[in-house]
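Below is one structure, written out as structure tokens, with a few remarks after it.
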Amino acid sequence: SSVCAFPLLANLCEKIKYVLRNKLPFEDFDGDKFSTFPTLRGYHWRGRDCNDKNTTVYPGRRPDNWDAKSDSNCNGIWGVDPKDGIPYEEKFCKGADSKGVVLLGDSAGAHFHIPPEWMTITQMSAKSFVNLPMAFSDELDWPQFSEITGFLNSTIGGWTDSLYLRLRKRNRCNHRDLQNISQNGGSSGNILSLIKSIHYLAEALLSALILTAVFCRFSSKTSLHHSIKRGYQAFGVPFWGFLIQGRIGILFFRERDTLAHMTTPKEMLSNVVQALQYLDSHLPNGSHVILTGLVDGRFLWDNLHDRYHPLGQLNKDVTYSQLYTFLDCLQVSPCSGWLTPNETLRNLTSERALQLSNVLKEIARSEKFANFDIFYMDFPLRQTAEEWRKMGGEPWQLIEPVDGFHPNQIAAALGTGIIWQRALHEWPQVLGKANPFNDQIEAIFKDQGGH
Amino acid sequence: LYKGHTCVGCVLVVSVIEQLAQWHNSTVKAAMERLCDYIPEKLQGFCYMLAELYGPHIAELIDREMNADVVCHSLRLCKQEPGQLLCHLYSPPKVGLSVAIRKAKRITKTSKDLKSFLGF
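If you read the sequences in order, they're chains A and B.
Mapped onto the numbering used here, the consecutive letters of the first sequence carry residue numbers 5 to 455.
Mapped onto the numbering used here, the consecutive letters of the second sequence carry residue numbers 139 to 258.
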């Protein structure tokens with residue numbers, strides 16, 4: 005019936021299914037959910053494990069005895085200062101308000117990207133496909149360059165800026181403390197199970213919990229096993245977090261009648277409050293959550309519909325409007341509410357998006373939680389486009405060229421700066437303090453083992 | 139849904155092959171070999187296997203000026219679900235998309251190995 009029916013392959017299949025369903029690293033010898041392998045949910049997605057044979061050693065944990073003897077939290081800071089016998093981790097990171105970054109999200113959060121050079125004939129060569137195996141083993145996502153957890157220099161255009169890099173620069177104790185638990189097709193329907201994937205293990209430092217709760221996606225709830233790793237509420241150090249709502253990937257509809265299947269404000273309220281209540285029973289006290297509103301997806305049609313798609317560059321015969329119609333006809337459109345020639349439907353979709361953003365605003369205003377405070381900010385698409393215009397760019401250059409739908413590398417990097425500035429000015433407590441010992445950490449530990 | 143994604147994938151790949159042959163002024167077969175040569179070594183075997191199976195039919199249909207929509211429908215990698223529209227990316231051929239697809243299906247019908255592969 006299937007290749008997995010063969011006895012010899014049954015175990016391997018089970019492991020592959022377990023890993024895929026739970027967003028866990030495929031190669032993780034000590035089972036601590038961190039890996040030394042890049043793809044297959046490895047260190048492109050989570051801080052690189054510095055000892056994959058010891059399950060108590062992983063990024064983001066509370067240091068073991070101030071890491072006097074070894075680096076238990078993989079931030080590259082360990083050992084004892086011979087001058088005074090004080091462990092470096094204690095000297096430089098104790099009370100430093102260290103934080104990591106955890107993102108629960110959709111394809112935008114995971115940074116979905118299909119290289120346009122794979123279908124641009126005029127420039128095609130063997131070089132065009134060098135990244136193909138890595139791209140497929142990372143599900144066509146590039147979290148290592150992404151807006152929230154990116155840490156490698158971009159090789160897909162633009163540049164890398166991320167909340168993680170900024171947190172690390174602010175406090176070098178945060179080195180390698182990142183987790184991107186996103187999935188292509190994330191939605192408010194499965195954000196709850198995604199949040200349950202926050203696997204609480206002993207000792208956690210402060211960490212930024214960034215959730216991209218994608219909603220309005222009409223899809224069945226998928227049960228995701230626990231895959232985010234953090235500390236128990238009892239002795240975890242406060243998280244802080246973002247609940248980033250409404251990435252562009254919000255309107256997935258398999259149904260013909262889009263509006264009838266769009267998440268309603270009532271469902272939205274229920275999904276997000278459930279998710280937050282779950283978090284409240286698991287996050288350490290003193291955490292923070294920031295909700296962001298939905299994007300106005302009319303941006304996509306307005307800026308792309310009559311432009312040629314990479315496939316249509318050679319013969320000028322495929323526009324984004326044709327691509328959107330084709331995907332919608334096949335019922336695989338990622339966003340049939342906005343990627344449509346039907347202006348009325350686009351406007352109605354934006355109207356609903358605004359209603360859902362208002363639900364989030366109301367949640368942030370009125371809901372109270374024991375272990376975290378909660379804030380709201382609009383999704384910064386307009387500011388991103390404005391920033392890019394000031395830099396001489398055009399709006400269509402902020403959208404992935406092949407799928408005509410996801411924010412691209414430039415949009416991701418610009419978005420980081422906007423979110424960071426907003427948090428810095430309005431909720432500085434969320435970002436933790438700048439560590440006065442950064443220079444000393446760098447002087448002694450250089451790149452802290454890199455990534 | 140996977141059918142929809144399969145159809146998108148087929149139209150993308152056949153379009154690239156068609157345009158490679160056009161850009162390099164080569165046969166479709168040569169274009170497929172060129173594309174497989176571009177792909178990293180460890181995946182080339184898979185590429186050549188697909189080229190072996192589908193190549194002759196894709197070549198025959200493209201040589202008859204059929205576009206990626208027609209090719210993929212005739213290979214049954216794109217399907218028109220009952221009651222659904224006939225999905226296509228490119229502007230339909232002058233003779234009409236349905237007519238072109240029927241003609242293409244007649245051409246591929248004769249192929250035994252394709253039938254067995256599609257069954258697999």
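Here a beta-carbon is modelled for each residue, glycine too, at the ideal position from N, C-alpha and C.
Among the options, the one whose alpha carbon lies nearest that of residue i
i: A:Arg-172; options: A:Gly-162, A:Pro-119, A:Cys-97; result: A:Cys-97
i: B:His-144; options: A:Gln-452, A:Leu-334, A:Trp-431; result: At residue 144 of chain B the sequence reads Thr, which differs from the His that was named. That would be A:Leu-334, whose Cα lies nearest to the Cα of B:Thr-144.
i: A:Pro-86; options: A:Ala-72, A:Trp-431, A:Gly-436, A:Phe-376; result: A:Ala-72
i: A:Glu-121; options: A:His-455, A:Gln-425, A:Glu-404; result: A:Glu-404
i: A:Ile-445; options: A:Arg-25, A:Cys-54, A:Ile-81; result: A:Ile-81
i: A:Ala-357; options: A:Glu-371, A:Phe-383, A:Asp-377; result: A:Phe-383
i: A:Glu-430; options: A:Gly-316, A:Asn-351, A:Gly-396, A:Ile-294; result: A:Ile-294
i: A:Gly-453; options: A:Lys-27, A:Leu-16, A:Asn-15, A:Gly-51; result: A:Gly-51
i: A:Glu-271; options: A:Pro-119, A:Ala-417, A:Leu-364; result: A:Leu-364
i: A:Arg-302; options: A:Ala-14, A:His-410, A:Cys-8, A:Asn-319; result: A:His-410
i: A:Cys-54; options: A:Gly-46, A:Glu-371, A:Ser-39, A:Gly-397; result: A:Ser-39
i: A:Tyr-380; options: A:His-286, A:Ser-370, A:Leu-13; result: A:Ser-370
i: A:Arg-65; options: A:Cys-177, A:Gln-433, A:Leu-352, A:Ala-279; result: A:Cys-177
i: B:Val-233; options: B:Val-151, B:Ile-155, B:Val-208, B:Ala-197; result: B:Val-208
i: A:Thr-267; options: A:Cys-339, A:Leu-308, A:Ser-325; result: A:Cys-339
i: A:Phe-116; options: A:Leu-304, A:Ser-186, A:Asn-351; result: A:Ser-186
i: B:Lys-141; options: B:Glu-171, B:His-211, B:Pro-231, B:Tyr-192; result: B:His-211
i: A:Phe-449; options: A:Leu-435, A:Asp-75, A:Lys-131, A:Leu-349; result: A:Asp-75
i: A:Thr-43; options: A:Met-138, A:Cys-8, A:Lys-57, A:Glu-18; result: A:Met-138
i: A:Phe-41; options: A:Tyr-324, A:Gln-148, A:His-292; result: A:Gln-148
i: B:Ala-238; options: B:Leu-199, B:Gln-222, B:Val-154; result: B:Leu-199
i: A:Pro-432; options: A:Asp-101, A:Arg-45, A:Ser-141; result: A:Asp-101
i: A:Ser-141; options: A:Ser-158, A:Phe-30, A:Gln-127; result: A:Phe-30
i: B:Tyr-192; options: B:Pro-220, B:Leu-227, B:Val-166; result: B:Val-166
i: A:His-313; options: A:Val-23, A:Thr-323, A:Gln-359, A:Cys-17; result: A:Thr-323
Beta-carbon proximity list for residue i, same chain, < 8 Å, skipping 5 on both sides
i: A:Gly-35; result: Thr-59
i: A:Gln-237; result: The predicted model places A:Gln-237 with a pLDDT of 47, which falls under 50 and marks its position as unreliable, so this point remains unresolved.
i: A:Ala-14; result: Cys-8
Cβ-based neighbour list, residue i, same chain, cut-off 7 Å, excluding 5 preceding and 5 following
i: A:Ser-337; result: Tyr-328, Leu-331, Leu-343
i: B:Cys-174; result: Gln-182, Cys-185, Tyr-186, Ala-189
i: A:Trp-70; result: Pro-91, Glu-93, Glu-94
Residue i and residue j closer than 9 Å at C-beta
i: A:Glu-151; j: A:Gly-419; result: yes
i: A:Pro-269; j: A:Asn-362; result: yes
i: A:Ala-114; j: A:Asp-68; result: no
i: B:Pro-178; j: A:Val-277; result: no
i: A:Leu-107; j: A:Asn-184; result: yes
i: A:Gln-317; j: A:Gly-161; result: no
i: B:Met-204; j: B:Ala-159; result: no
i: A:Asn-375; j: A:Asn-442; result: no
i: A:Leu-28; j: A:Val-105; result: no
i: A:Gln-326; j: B:Ser-236; result: no
i: A:Asp-165; j: A:Ala-416; result: yes
i: A:Arg-174; j: A:Asn-79; result: no
i: A:Ile-118; j: A:Asp-407; result: yes
i: A:Met-128; j: B:Val-149; result: no
i: B:Ala-206; j: B:Glu-171; result: no
Spatial neighbours of residue i in its chain, beta-carbon cut-off 6 Å, leaving aside the 5 residues before and after
i: B:Gly-147; result: none
i: A:Arg-426; result: Met-381
i: A:Pro-399; result: Asn-307, Ala-389
i: A:Ala-438; result: Arg-174
(request) Give the residues from the region 160–179 of chain B that approach chain A closer than 9 Å (Cβ to any Cβ), ordered along the chain. (result) Gln-160, Trp-161, His-162, Arg-172, Leu-173, Asp-175, Tyr-176, Ile-177, Pro-178
(message) Output needed in chain order: residues of the region 113–144 of chain A with a Cβ under 7 Å from some Cβ in chain B.
(response) Residues Met-123, Ile-125, Thr-126, Met-128, Ser-129, Ala-130, Ser-132, Phe-133, Val-134, Leu-136, Pro-137.
(message) Please give the ranges of any beta strand (DSSP E) in the region 97–136 of chain A, keeping only runs that are unbroken, at least 3 residues long and fully inside the region.
(response) 105–109
(message) Short of 8 Å Cβ to Cβ, which residues in the region 317–351 of chain A face chain B?
(response) Leu-318, Asn-319, Asp-321, Val-322, Gln-326, Leu-327, Phe-330, Leu-331, Cys-333, Leu-334, Gln-335, Val-336
(request) Compile a chain-ordered list of the residues in the region 210–241 of chain B whose CB is closer than 9 Å to at least one CB of chain A. (result) Cys-216, Glu-219, Gln-222, Leu-223, Leu-224, Cys-225, His-226, Leu-227, Tyr-228, Ser-229
(request) Give, in chain order, every unbroken run of the alpha helix (DSSP H) that is at least 4 residues long and sits entirely within the region 260–284 of chain A. (result) 269–284
(message) For the region 295–306 of chain A, list every residue whose C-beta sits within 9 Å of some C-beta in chain B, in sequence order.
(response) none
(request) Compile a chain-ordered list of the residues in the region 41–52 of chain A whose CB is closer than 7 Å to at least one CB of chain B. (result) Flagged: no residues at all.
(message) Going residue by residue through the region 365–452 of chain A, where are the continuous alpha helix (DSSP H) segments of at least 4 residues, counting only ones entirely within it?
(response) For secondary structure counted as the alpha helix (DSSP H) over 4 or more consecutive residues, the region 365–452 of chain A holds these complete runs in sequence order: 385–394, 413–430, 432–435, 442–449.
(request) Could you list the residues in the region 143–154 of chain B with a C-beta less than 8 Å from some C-beta on chain A, going in chain order? (result) Cβ contacts with chain A come from His-143, Cys-145, Val-146, Val-149, Leu-150, Ser-153, Val-154.
(message) Which residues of the region 13–24 of chain A have a Cβ closer than 8 Å to any Cβ of chain B? Give them in chain order.
(response) none
(message) Short of 9 Å Cβ to Cβ, which residues in the region 181–193 of chain B face chain A?
(response) Leu-181
(request) Starting from the N-terminal side, write out each stretch of the beta strand (DSSP E) that is 3 residues or longer and does not extend beyond the region 133–189 of chain A. (result) 182–186
(request) Starting from the N-terminal side, write out each stretch of the alpha helix (DSSP H) that is 4 residues or longer and does not extend beyond the region 8–60 of chain A. (result) 11–26
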